[in-house]
DNA sequence: CAGAATCCCACCCGATACTG
DNA sequence: CAGTATCGGGTGGGATTCTG
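Protein chains in written order, with UniProt numbering: chain A, 1 to 122; chain B, 1 to 122.
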């Protein structure tokens, strides 16, 4: 590695990357696409609660970052597929680990919050 | 795993956890504390660009979530140490993988953006 | 030293409606 | 089906100042 990126450094590009990861819907897109290509409507129904506008935004930025590929089929009715790029797949792994952690430890977090809030109340 | 958490489900608590993890400074706090306890000022100088207010906010929520322990020493001048809890350490691993990915692939992302933007300009 | 208080704004996100 | 257009609000984050 010749160029050195350090997230602890202000203005380091890697911070921008970290923030992409940490937006509300991006990780869920990865989770949705991890099984293979999906149409827009499928992504939308897979990720509950996302509105078309926000989903489009998210997919666009992921496409811009080279993490998602968008394929348009010239047919009626329209069909657009989304899938992870090879680069996107390399990110899927670490991201999926975080997701798995979140699902596995959500209960602990909620408990900790309860404890903390009770302690504050007293 | 008895209780089922699924980030793809709306209103699933794991989503809240994911967002906590994915805020702007939380991952950097993990990175800063991964070597052991640090004083407030040390955390602050380690994470470049963070203001005291936001750092305090971040540390508080992480403490509330049981991921960071805050220790106050009764002395003058004041001293407060922050360190990862055992639960926090279990999160450090997956989080650190993401950080490593971000640092390793920041350049690719930037390249992809440039390509995308040029293609849009035409 | 370790923050609290205050002010403020960008922007992220959501709801709704509309279209090729 | 796969979006776009428009409007609006909530809040995460920043700059500055002050304090035990």
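Each residue gets a CB set at the ideal place from its N, CA and C atoms; glycine is no exception.
Judging by CA-CA distance, which residue of the options is the nearest neighbour of residue i?
| i | options | result |
| --- | --- | --- |
| residue 62 of chain A | A/94, A/19, A/46 | A/19 |
| residue 99 of chain B | A/103, A/93, A/104, A/112 | A/93 |
| residue 111 of chain A | B/17, B/8, B/59 | B/17 |
| residue 83 of chain A | A/25, A/29, A/30, A/37 | A/37 |
| residue 71 of chain A | A/40, A/47, A/101, A/28 | A/40 |
| residue 10 of chain B | A/49, A/12, A/102 | A/49 |
| residue 33 of chain A | A/96, A/53, A/73, A/74 | A/96 |
| residue 117 of chain B | A/88, A/60, A/75, A/87 | A/60 |
What does residue i touch in chain A if you count any residue whose Cβ is under 8 Å from its own?
| i | result |
| --- | --- |
| residue 82 of chain B | Going along chain A, no residue has its Cβ under 8 Å from residue 82 of chain B, so there is no contact; the nearest lies around 15 Å. |
Hey, residue i and residue j: beta-carbon distance below 7 Å or not?
| i | j | result |
| --- | --- | --- |
| residue 85 of chain A | residue 66 of chain A | yes |
| residue 64 of chain B | residue 113 of chain A | yes |
| residue 26 of chain A | residue 51 of chain A | no |
| residue 22 of chain B | residue 22 of chain A | yes |
| residue 55 of chain B | residue 69 of chain B | no |
| residue 109 of chain B | residue 8 of chain A | no |
When we look at the beta-carbon of residue i and count the other beta-carbons within 10 Å, is it buried (16 or more) or exposed?
| i | result |
| --- | --- |
| residue 78 of chain B | exposed |
| residue 31 of chain A | buried |
| residue 5 of chain A | buried |
| residue 29 of chain A | buried |
| residue 106 of chain A | buried |
| residue 15 of chain B | buried |
| residue 121 of chain A | exposed |
| residue 102 of chain B | buried |
From the DSSP secondary-structure annotation, give me the bridge partner or partners of residue i.
| i | result |
| --- | --- |
| residue 69 of chain B | B/83 |
| residue 39 of chain A | A/81 |
So which residues of chain B does residue i contact, with C-beta pairs closer than 7 Å?
| i | result |
| --- | --- |
| residue 108 of chain A | 66, 87 |
| residue 48 of chain A | 8, 9, 10 |
| residue 98 of chain A | 21, 94, 95, 98 |
Starting from residue i, find everything on chain A with Cβ-Cβ shorter than 7 Å and list it in chain order.
| i | result |
| --- | --- |
| residue 5 of chain B | 103, 106 |
| residue 91 of chain B | 101 |
Run through chain A and tell me which residues come within less than 9 Å of residue i, C-beta to C-beta.
| i | result |
| --- | --- |
| residue 75 of chain B | Result: empty, since nearest Cβ-Cβ is about 23 Å, beyond 9 Å. |
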